[in-house]
Amino acid sequence: MKPLAKRISVMSGEGALSVFQRARELERQGRDIIHLELGEPDFHPAENVIAEAERAIRAGQDRYCAPPGLPELQQEIAAYLAHTRSVTCRPGQVVVAPGCKLILSLAMTALIESGDEVLYPDPSFPIYPSMIRALGGGAVAYGLREKDRFQPDPDEIRRSVTARTKVLILNSPNNPTGTVYSPEVLRAIAEIAVEHDLWVIADEIYARIVFSGPYRSIATLPGMAERTVIIDGFSKTFAMTGWRLGYAVAPDEVIPALHMLVVNTYTCASEFIQRAAIEALRDPLNAADKMVAEFARRREFFPSALAQIPGFRCLPPDGAFYAWVSIAGTGMTAPAVATLLLEEAGVAGIPGAAFGRLGEPFLRFSFASSTAQLERAVERIAAIAPRWASAAATSRA
Ligand code: PLP
2 MKPLAKRISV MSGEGALSVF QRARELERQG RDIIHLELGE PDFHPAENVI
52 AEAERAIRAG QDRYCAPPGL PELQQEIAAY LAHTRSVTCR PGQVVVAPGC
102 KLILSLAMTA LIESGDEVLY PDPSFPIYPS MIRALGGGAV AYGLREKDRF
152 QPDPDEIRRS VTARTKVLIL NSPNNPTGTV YSPEVLRAIA EIAVEHDLWV
202 IADEIYARIV FSGPYRSIAT LPGMAERTVI IDGFSKTFAM TGWRLGYAVA
252 PDEVIPALHM LVVNTYTCAS EFIQRAAIEA LRDPLNAADK MVAEFARRRE
302 FFPSALAQIP GFRCLPPDGA FYAWVSIAGT GMTAPAVATL LLEEAGVAGI
352 PGAAFGRLGE PFLRFSFASS TAQLERAVER IAAIAPRWAS AAATSRA
């Protein structure tokens, strides 16, 4: 057999999915596992969204439809971005896809070619460096460090720009750290992008899940609308992970390339899901705000409860629904702590290295689980903590 394409060998998967598989295996053996590994709201879409999907299927809205998305949905997305984050765009700049991940890959495919360098945050969504490498690009990380409260350092970004740098990726709020980029950092990054004529991919999938102040999109800063591709979707804000619907908002120059990629890949997203998505955006039941209010309550409790565990450090995140825990004080590696927690305490979290090199001494726990589950998780973690407390004491001795 001739070999497969080399691009596959430079790609990497998602740590969350492998932990999930092991957790399911333990459940099949009869174990009780608390799932804090997946980035999935423990909510379902609002009643009006489900009713509209049912209506649309019965009405036969299950055919091929417009490749870039239903015009009504494009229009609703443009209106939604204007009123939730002051982003101005025309409906024609919106491209709808089955999931954020897919439109993210297509946006990267449209912008990155062999030899281009791409700046991306470390730690972050593992698909960024994986796709950069698959496209033949050079993945150049900029750090999100605990000492900076996980804010990017614009000086580091500036120093990392070379003549080959073409794209800068940012994700605010960031998965896994929960960082909402500060106005100063956003301004500085925008200046660097304009000065060096970079494309920016702003992954704003958690933009509605913020716990302090209004959300600021980098696309609203001077000189940015024409160089920024916003990625967002329905998985997190509207609890529609399995419905698979996301979108990009791109400058006019990028739109024909995205249309070409849509036609060459998925043709269109399913019409009945797009009809339901219009209902999600209109949100007459205020479901998104109610869900975020619930995440805010859990955020009050969970990160600080984890911070009380011996050897753990954890700051409450400004956005998204993850607790990013430094385990440096346990005297064990993050994979060893994660294994102990999963195999013996029945709590599934993800070793931080799954999100980049700087994530190595961390664990990520999602708090998109009921408060009762989170309380049980904390009890279980506290009960097993003496195991690393003794390991830490031995390594100090
Ligand atoms: N971007 C980030 C930062 C994410 O955390 C995720 C999902 O976890 C995605 C994109 C993908 O979203 P979707 O489920 O819509 O493909």
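Residue numbering for the sequence shown follows the working numbering, starting at 2 and increasing by one per position. Even for Gly, the Cβ is constructed at its ideal location relative to N, Cα and C.
- The C-alpha of residue 102 is placed about 29 Å away from the C-alpha of residue 328.
- For residue 273, the enclosing alpha helix (DSSP H) begins and ends at 272-283.
- Distances from the CA of residue 23 to each of 370, 387, 340 were compared; the closest alpha carbon is that of 340.
- With contacts defined as CB atoms closer than 7 Å, residue 165 and residue 193 fail to qualify as a contacting pair.
- According to the DSSP assignment, residue 161 belongs to the alpha helix (DSSP H) that extends over 155-161.
- Closest in alpha carbon position to residue 271, among 355, 12, 57, is 57.
- For residue 124, same chain residues with a beta-carbon under 7 Å away, outside a window of 5 residues either side, are 145, 177, 178, 353, 356, 357, 359, 360 in chain order.
- In this structure, residue 262 sits away from residue 372, with a CB-CB distance that is not shorter than 7 Å.
- Contact between the stretch 69-79 and the stretch 44-57 is absent: fewer than 3 CB-CB pairs across the two stretches fall below 8 Å.
- Fewer than three Cβ pairs drawn from the stretch 296-313 and the stretch 84-101 lie within less than 8 Å of each other, which leaves the two stretches out of contact.
- Distance from the Cα of residue 122 is smallest, within the candidate group 155, 108, 93, for 155.
- Residue 5 is classed as exposed because its beta carbon has fewer than 16 other beta carbons within 10 Å across all chains shown.
- Proximity of the stretch 183-193 to the stretch 243-253 falls short of the contact definition, fewer than three beta-carbon pairs being nearer than 8 Å.
- Taken through DSSP and simplified to helix, strand or coil, residue 11 comes out as coil.
- Annotation for residue 243 indicates a beta carbon at 6 Å or more from all heavy atoms of ligand 1.
- Given a length threshold of 3 residues, each whole run of the beta strand (DSSP E) inside the stretch 273-339 is given here in chain order: 323-327.
- Contact between the stretch 186-205 and the stretch 224-235 is present, with at least three C-beta pairs closer than 8 Å.
- For residue 247, the CB falls within less than 6 Å of some heavy atom of ligand 1.
- Residue 168 is not a Cβ neighbour of residue 219, given a cutoff of 7 Å.
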